[in-house]
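Number of protein chains: 4
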Amino acid sequence: MKREIHIAGQPENKIGLEKLRVGVLGMGFMGGTHTQAWQRGKATFNWPIDVELVALFDTDEDTRDLHANRFDFQRVTGDWREVCEADDIDVVSICTPNFTHWEMAEAAAKSGKHIWCEKPMATSMADARAMVSVAQEHGVKTMLGYNYMKSPSLLAIKDLIASGHIGEITHFNGIYLEDFMCDPNVPHSWRLTKKGGGKGALGDMGSHLISMAIWLCGPFKEVVSRLQTIHTERPDASTGEMRQVETDDQFSALGTFESGALFTMHTSWLGQGHKMNLGFEITGTKGAIKFDQERMGEFQLFEMDGNSEMSTNGYKTVLIGPYHPFFGNFCPAPGHHVGFNEMKIIEVGAFVKAILEDDHAYPNFKDGLLFETAIQAIQDSSDEGRWITL
Amino acid sequence: MKREIHIAGQPENKIGLEKLRVGVLGMGFMGGTHTQAWQRGKATFNWPIDVELVALFDTDEDTRDLHANRFDFQRVTGDWREVCEADDIDVVSICTPNFTHWEMAEAAAKSGKHIWCEKPMATSMADARAMVSVAQEHGVKTMLGYNYMKSPSLLAIKDLIASGHIGEITHFNGIYLEDFMCDPNVPHSWRLTKKGGGKGALGDMGSHLISMAIWLCGPFKEVVSRLQTIHTERPDASTGEMRQVETDDQFSALGTFESGALFTMHTSWLGQGHKMNLGFEITGTKGAIKFDQERMGEFQLFEMDGNSEMSTNGYKTVLIGPYHPFFGNFCPAPGHHVGFNEMKIIEVGAFVKAILEDDHAYPNFKDGLLFETAIQAIQDSSDEGRWITL
Amino acid sequence: MKREIHIAGQPENKIGLEKLRVGVLGMGFMGGTHTQAWQRGKATFNWPIDVELVALFDTDEDTRDLHANRFDFQRVTGDWREVCEADDIDVVSICTPNFTHWEMAEAAAKSGKHIWCEKPMATSMADARAMVSVAQEHGVKTMLGYNYMKSPSLLAIKDLIASGHIGEITHFNGIYLEDFMCDPNVPHSWRLTKKGGGKGALGDMGSHLISMAIWLCGPFKEVVSRLQTIHTERPDASTGEMRQVETDDQFSALGTFESGALFTMHTSWLGQGHKMNLGFEITGTKGAIKFDQERMGEFQLFEMDGNSEMSTNGYKTVLIGPYHPFFGNFCPAPGHHVGFNEMKIIEVGAFVKAILEDDHAYPNFKDGLLFETAIQAIQDSSDEGRWITL
Amino acid sequence: MKREIHIAGQPENKIGLEKLRVGVLGMGFMGGTHTQAWQRGKATFNWPIDVELVALFDTDEDTRDLHANRFDFQRVTGDWREVCEADDIDVVSICTPNFTHWEMAEAAAKSGKHIWCEKPMATSMADARAMVSVAQEHGVKTMLGYNYMKSPSLLAIKDLIASGHIGEITHFNGIYLEDFMCDPNVPHSWRLTKKGGGKGALGDMGSHLISMAIWLCGPFKEVVSRLQTIHTERPDASTGEMRQVETDDQFSALGTFESGALFTMHTSWLGQGHKMNLGFEITGTKGAIKFDQERMGEFQLFEMDGNSEMSTNGYKTVLIGPYHPFFGNFCPAPGHHVGFNEMKIIEVGAFVKAILEDDHAYPNFKDGLLFETAIQAIQDSSDEGRWITL
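Residue numbers (our numbering), protein chains in the order written: chain Z, 2 to 391; chain E, 2 to 391; chain F, 2 to 391; chain S, 2 to 391.
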């Protein structure tokens, strides 16, 4: 009945760093999330060093003022390059719009800073490849913000699959539905134009599902797909005039992993009734696992071996608890919830561990390139109306 | 609080039939199910005529003896042709193996008998087309046994879609998983050979999902797919020797309906943890509907209009009741269950109504041909590695 | 993959009965349900004798006409006593209003007829006791229509408990909610008066929950309760004038079984959002079971032994299938549904087995008296504001 | 598509406080949780003042060392009285064992410190009353750590009830099950003795359920209950010798609120299969609400008005989002999760708002006394075997 926090994932300071000095670029939702992760990481993982919030960048003055009060940054600035090149900063969080990632990452890497960058990493394959190169060249650690991979549920599922608990994977059935674009009057924006770097449901949402599939089941081998735009015009936010939408509202894809296993997936931001229905059913030769991010505190597990007594077998609802990865860092009592922000703390924990132990963080820019390649293949398959081999 | 049965779907006897004399061919599970449907139909729909169970055919003597006791057939026989050609029979139920459907249907149609035939209708497109022709030529009514379409839940869903309750359909996400072939030691049989008429997960199971998709959302326009055989060999039932499996264990497909709506589907008989997970999520511009045959007494409904108050909106669990189609024929109290066998009674009710009112029964052989065409396109797409336009 | 019906529960004809001749009293919903059960029982259990539908009684002529067409009774009558005393009838189904049960049962028993009587057996303890006596005196078999006990799910649960699968029971948490009286404009009727034999939520609904608790966990030892009437007046159906309601809308009770295990229960016909939420969670020293009649095709099972690996343990959803009691009599394929009417067939199967094998049917009048005693104790406890020891 | 944090609940600094200087007493799980709440509160609510972590008290040196590194306290100490009486501290968090609450609260109040105290507030009614008095006398603000009341789901439910969304409440059906004492080999401890201040399932767990019931539905009027100890002996942790358990393993209670509404509840720490199944169904005259802490990111809502179309009505699953209380302080995107630790931040937010605006925090010591009175009545009712009027 005595319940105490149990701290896992505490890093060794193998590189003898004195403290970690942080700059955060962009203070929208994600900038705040990164900052609170930096703020809470030490308590969560009992880091052997302190973190200093050094510089906050945002283009908007009100935003800067708000977050300057919320957090204890040493300085705030409207000049991102100053942050990327500063001498008193070891690591930057890039939380600005996608099309800016490349030049910020380049500047930060050249200045020897480790980079925690939000996803998607870039708005073109060329930029993504350049980001991999520049990071490698300057030997900086990188981490991409695919936070959903970092929940105790998903980490537990990854372990179950890796240990062969459900046998060889035969099928991955993925889904990602949100409903925030269902209303045809949601206004047009640069996000819905190719020129503006709009990525559509495929890039914005599908990237989470695709990366999760690859992380859990391995790289794609071949894929076929169809992208669709249902609401082909949306009203301009100011004039109300109808403007052309250039990005997809939804896509479906199917294909195989390198292992030979089949996958099927569908993603839509017209997903009526759903807020965060990012999930899957993974079937193997010895069992199966289901997950839905809307109920991130649990997963469903079927174990075939129990089948010898079919009369008492069935899918189990497993509630996460301290026996699952990193849950105990937040709460010793099972059945409680690790929230969205805490996935981000687990993410920063993995990144700082990689920095301090001079190790590989997952997913880094190179891993991200693999995701981008798969996303591009899905886009190409739909554009060209044929199977694509990766 | 007073609860009385409410009988819907009572037919008029427009053709002045005196009674309906029935022959049942094949007394496996489906033969018995047809027979009990014939037996209970009158009480369920208050038919204006009597049904007579005239003849039972099965090749196996023990089976004939068992069912001769269970039911009150006037005669039992080992000669199916005698039943198809008998003068004292108006309608036959064909419940024999798939490869026999064509010749029995031909004989029955030529003899002027109405035909209630189990699905899939035939083992080749040629046979399916011939069945349509012979039935049309002889003016007999036909009905195919796609029983899952006949549950109150599904009929209610069909009505909701048809009335525009969820707007224009934008996506159909279908699934059909059973686990009865998961064990690699399930023995080989003729059903797993092309020559023996084996149809694989695509034909045996997928036909239910595909027909449901077409019934609810309209004909397919184009499709791309991948079939897979995971357990490529299975032991011979008698010798234990490993034999080649020629049929698919699972398939995934995606494509569009003629309406332009997108679909995604997956079917497998290696579906760990599932017994009868035939279901879908249908998304429209005004709402969405989810269904799973494992919980056939309910469906999930999301109505976007409620979204004006997002804080109190969400997917509803609607329990079936007497305000849904045909439920009241079985039970006046909502929340109770109409069982598997009762879907078959609703099916026979639709068929007898079509006979007595000289109307179209759905799905008849012609409707079935549309399903077979879609199934064939999925097979061809996988074989040829390309999109197929129907 | 070959699926055939499997018939369990086939009785031996130990008493050499030639056939079973049936009279049905009262043709409301339950009368029809009894009749279809009599009609389908032979096919379901492969009974060694025929059933004859001899006489149908109802006070209403239209009702008689309707059901005379639906079913093949040899005669219809408006005189129940004629049926109870007829020479050509072996067994009667009593499906008339509750206050009539006693005199019909008395007449039938005196005439040597076996009695299948709907619940609740009587409107007073005195009547209930008299029914037990007269049946015993005349040596007739009796069966009460507590149909929910007869579903494959519940019978499977009973077996799991009896075999010690969940250890010693420590708690029964019962619920029964329906919403059909939520609207305060549901009119007044004799059912809401004590004089008219109204039993309230306690008698009408609670009797199902209480009998289920006793069947699964054993007799009550002590109980305390509170009954409540929320809508104390309801409009007269014809005049609209508000009339006093004398029966309860809801009750809660708690107490112990003779085993010492604790129970908690609540029943209401003001149960917003529920249609047939009759269910429970039974907790034992080795596991637990949950059930809800609204999802009668499944139950939830937790097995503590799996707890050694807490990270993969949780409540299982077990879908009913042919490995559960009597499921295979209706369908060979798991995950399908046995409907409400089919529970009644399982019930008649148990009754006919008791008749033919000269055995005890459960629950008979004597078992029913135990239920009535518990119901009365709950009523008394609320009336007297104190614990009652049974 | 642009998602930004939305900060609600920002307090005005009406009392002109310069900063808030905090002492935390006891660094078990709850001490850490309080500390991170103090640490994150400013960013979450954009507090107009800074928080300083001044002093950490724990009796255990290793614990002190661990948390001294995790958090930035100015000093650590093994002397709680020093913290309670310090001049440089404005507010204390009391997270030590229950029996210590009274003397710490007394010392802190006498020294003018505001008090955030973990529940249950005291181990006797006398102590609880004394705590109310001393806080009132010295005019300090108090807050009790009933954190489950502070989740966005529960706060949304509270608002729905308060606004009459489900009409007049007719029934509260509460449950609280955890399984951490199921194993009979869980060792004995002081917590299982009356002398040691053990409160049993009633005090430890039931207090959450009872306080939630009172918060949502109002004070209890009368109650009847039964407490039970199933495992009456447990092995001594060191000797293995069996020792007497003096506290309850489970209890059931029923009664009425002052409004007249009925309640039923059950709580157990032998609740097989459950980790954090704290929940309820609240039924009203116009709808109903269900909640389960194991799925804290959603609640179920039934609205009777939709009943005019019964064919499309049912319980809705409402996912929490930024339109629910305080969700937007943590995440702008619905369907994500606010975790356990974040409830504690909402709690500290309410407390600091009360301090800065010189207002009432809920639940304070006086509110807690009402909960304690109800808990005591449940204990007394079981001890005395009779109804208790509060």
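Note that CB positions come from ideal geometry on N, CA and C, so glycine has one too.
Proximity test, Cβ basis, 8 Å: residue 213(E) and chain F: Here the question's residue 213(E) lines up with position 212 in the second sequence. Judged by the 8 Å Cβ criterion, residue 213(E) is not in contact with chain F.
### Message
Does chain F have any CB closer than 8 Å to the CB of residue 43(E)?
### Response
Within the second sequence, numbered from 1, the residue matching residue 43(E) stands at position 42. True, the Cβ-Cβ gap to chain F drops below 8 Å.
For this session: Check whether the stretch 189 to 196 of chain E touches the stretch 281 to 298 of chain E, counting contact only when three or more Cβ pairs, one atom from each stretch, lie closer than 8 Å.
Result: Not touching, per the Cβ criterion.
Can you give the Cα-Cα distance for residue 267(F) and residue 259(Z), rounded to whole angstroms?
In the third sequence, counting from the first residue as 1, residue 267(F) sits at position 266. In the first sequence, counting from the first residue as 1, residue 259(Z) sits at position 258. Between residue 267(F) and residue 259(Z), the C-alpha separation is close to 55 Å.
Measuring only the C-alpha atoms, how far is residue 69(S) from residue 315(E)? Stepping through the fourth sequence from its first residue, residue 69(S) is reached at position 68. Stepping through the second sequence from its first residue, residue 315(E) is reached at position 314. Distance between the alpha carbons of residue 69(S) and residue 315(E): 45 Å.
Do the stretch 356 to 372 of chain F and the stretch 5 to 16 of chain F touch if we need at least three Cβ pairs shorter than 8 Å?
By the Cβ criterion, the stretch 356 to 372 of chain F is in contact with the stretch 5 to 16 of chain F, since at least three pairs of Cβ atoms, one from each stretch, lie closer than 8 Å.
Apply the 10 Å Cβ neighbour rule to residue 261(S) and answer buried if 16 or more other Cβ atoms are within range, or exposed otherwise. For the purposes of this step, residue 261(S) is taken as residue 260 along the fourth sequence, with counting starting at 1. When all chains shown are included, residue 261(S) counts as exposed.
query: When you check each C-beta in the stretch 270 to 287 of chain S against every C-beta of chain Z, which residues fall closer than 8 Å?
result: Residues are counted here when their Cβ sits less than 8 Å from a Cβ of chain Z; for the stretch 270 to 287 of chain S these are 275, 276, 277, 278, given in chain order.
(request) Quick one: measure Cβ to Cβ for residue 174(E) and residue 265(E), integer angstroms, because I've assumed they're closer than 8 Å. (result) For the purposes of this step, residue 174(E) is taken as the residue at position 173 of the second sequence. For the purposes of this step, residue 265(E) is taken as the residue at position 264 of the second sequence. Cβ atoms of residue 174(E) and residue 265(E) come within 8 Å of each other, at about 5 Å.
(message) Using only the alpha-carbon positions, how far apart do residue 313(F) and residue 320(Z) sit?
(response) Numbered from 1 along the third sequence, position 312 holds the residue referred to as residue 313(F). Numbered from 1 along the first sequence, position 319 holds the residue referred to as residue 320(Z). Taking the straight line from one Cα to the other gives about 9 Å.
* To do: State yes or no: is the beta carbon of residue 5(S) nearer than 8 Å to at least one beta carbon in chain F?
  => Mapped onto the fourth sequence, residue 5(S) falls at position 4. No, its Cβ sits nowhere closer than 8 Å to a Cβ of chain F.
Starting from residue 126(F), trace the alpha helix (DSSP H) both ways and give me its first and last residue.
For the purposes of this step, residue 126(F) is identified with residue 125 of the third sequence, where counting begins at 1. Per DSSP, the continuous alpha helix (DSSP H) segment holding residue 126(F) begins and ends at 126 to 139.
### Query
If you draw a straight line from the C-alpha of residue 388(Z) to the C-alpha of residue 391(E), how long is it?
By 1-based counting over the first sequence, the position of residue 388(Z) is 387. By 1-based counting over the second sequence, the position of residue 391(E) is 390. If I take the Cα positions, the gap works out to 19 Å.
(Q) Assuming the contact rule is C-beta atoms closer than 8 Å, residue 139(F) and residue 106(F) should be a hit. Round their C-beta distance to whole Å, please. (A) Along the third sequence, one-based indexing puts residue 139(F) at 138. Along the third sequence, one-based indexing puts residue 106(F) at 105. With 8 Å as the limit, residue 139(F) and residue 106(F) do not qualify as a contact, their Cβ atoms being about 10 Å apart.
Original post:
Using a C-beta cutoff of 8 Å, does residue 79(Z) count as contacting chain S?
Top reply: Mapped onto the first sequence, residue 79(Z) falls at position 78. No, residue 79(Z) does not count as interfacial toward chain S.
Pairwise C-alpha distance: residue 19(F) and residue 117(F): For this step, residue 117(F) is matched to residue 116 along the third sequence. For this step, residue 19(F) is matched to residue 18 along the third sequence. If you take the alpha carbons of residue 117(F) and residue 19(F), they lie about 20 Å apart.
For chain S, is any of its Cβ atoms less than 8 Å away from the one on residue 82(Z)?
Residue mapping note: residue 82(Z) aligns to position 81 of the first sequence, counting from 1. No, no contact with chain S.
Q. Looking only at DSSP bridge pairs, what is residue 47(E) linked to?
A. Start at 1 with the first residue of the second sequence, and residue 47(E) comes out as number 46. Per DSSP, none; premise fails for residue 47(E).
- Query: Taking one C-beta from the stretch 55 to 73 of chain Z and one from the stretch 17 to 35 of chain Z each time, how about it: are there three or more such pairs within less than 8 Å?
  - Reply: With the cut-off at 8 Å, the stretch 55 to 73 of chain Z and the stretch 17 to 35 of chain Z touch.
Is the beta carbon of residue 217(S) closer than 8 Å to that of residue 176(S)? Taking the first residue of the fourth sequence as position 1, residue 176(S) is located at position 175. Taking the first residue of the fourth sequence as position 1, residue 217(S) is located at position 216. By the CB criterion at 8 Å, residue 176(S) and residue 217(S) fall outside the cutoff.
Between the Cα of residue 241(S) and those of 101(S), 185(S), 311(S), spot the shortest distance and give me the residue it belongs to.
-> If you number the fourth sequence from 1, residue 241(S) lands on position 240. Answer by Cα proximity: 185(S).
Is residue 167(F) near the ligand FAD, in the sense that its beta carbon is under 7 Å from a heavy atom of that ligand? Ligands are entirely absent from the displayed structure, and the ligand FAD is therefore not among its contents.
Notebook entry, point to check: When you check each C-beta in the stretch 253 to 269 of chain Z against every C-beta of chain E, which residues fall closer than 9 Å?
Noted result: Per Cβ criterion, the list reads 253, 254, 255, 256, 257, 261, 262, 263, 264, 265, 266, 267, 269.
Would you mind giving the Cβ-Cβ distance between residue 298(Z) and residue 338(Z), rounded to the nearest angstrom? I have them listed as a contact below 8 Å.
-> Mapped onto the first sequence, residue 298(Z) falls at position 297. Mapped onto the first sequence, residue 338(Z) falls at position 337. Between residue 338(Z) and residue 298(Z) the Cβ distance is about 5 Å, and since that is below 8 Å, they are a contact.
Would you decide whether residue 45(Z) is buried or exposed? Buried here means 16 or more other CB atoms lie within 10 Å of its CB. Mapped onto the first sequence, residue 45(Z) falls at position 44. So residue 45(Z) ends up on the buried side.
Evaluate residue 385(S) with the Cβ neighbour count: other Cβ atoms within 10 Å of its Cβ, from every protein chain shown; 16 or more gives buried, anything less gives exposed.
For the purposes of this step, residue 385(S) is identified with residue 384 of the fourth sequence, where counting begins at 1. By the neighbour-count criterion, in which a residue is buried when 16 or more other Cβ atoms sit within 10 angstroms of its Cβ, residue 385(S) is exposed.
Quick one, are the C-beta atoms of residue 378(Z) and residue 141(Z) less than 8 Å apart? The count along the first sequence starts at 1 and reaches residue 378(Z) at position 377. The count along the first sequence starts at 1 and reaches residue 141(Z) at position 140. In this structure, residue 141(Z) does not lie closer than 8 Å to residue 378(Z) by Cβ.
task: Enumerate, from N- to C-terminal direction, the unbroken beta strand (DSSP E) stretches of 3 or more residues contained entirely within the stretch 239 to 276 of chain S.
output: Every beta strand (DSSP E) stretch that sits fully inside the stretch 239 to 276 of chain S and reaches 3 residues is listed by chain position as 243 to 245, 251 to 258, 263 to 269.
ask   = Around the Cβ of residue 351(S), are there at least 16 other Cβ atoms within 10 angstroms (buried) or fewer (exposed)?
value = Within the fourth sequence, the letter at position 350 stands for residue 351(S). That one is buried.
Item to complete: Please name the residue or residues paired with residue 301(E) in a DSSP beta bridge.
Response: Along the second sequence, read from residue 1 onward, the residue named residue 301(E) stands at position 300. Within the DSSP secondary-structure output, residue 301(E) pairs in a beta bridge with 291(E), 318(E).
- prompt: Listed in chain order, which residues of the stretch 173 to 199 of chain F have Cβ atoms closer than 9 Å to some Cβ of chain S?
  reply: Hits within the stretch, in order: 174, 176, 178, 180, 183, 184, 185.
Three CB pairs or more closer than 8 Å across the stretch 328 to 342 of chain S and the stretch 122 to 134 of chain S
The count of Cβ pairs closer than 8 Å, one atom from the stretch 328 to 342 of chain S and one from the stretch 122 to 134 of chain S, stays below three, leaving the stretches out of contact.
May I ask you to list the residues that DSSP assigns as paired with residue 20(E)? Here residue 20(E) refers to the residue found at position 19 when the second sequence is read from its first residue. 51(E), per the DSSP bridge assignment.
| message | Less than 7 Å between C-beta atoms, sequence neighbours within five positions excluded: which residues of the same chain meet that for residue 67(Z)? | response | As a working mapping, residue 67(Z) is identified with position 66 in the first sequence. Result list for residue 67(Z): empty, nothing under 7 Å.
Next item on the list: Could you please tell me which residues of the stretch 310 to 322 of chain Z, in chain order, have their CB closer than 8 Å to any CB of chain F?
Entry: Correct list: 311, 312, 313, 314, 315, 316, 317, 318, 319, 320, 322.
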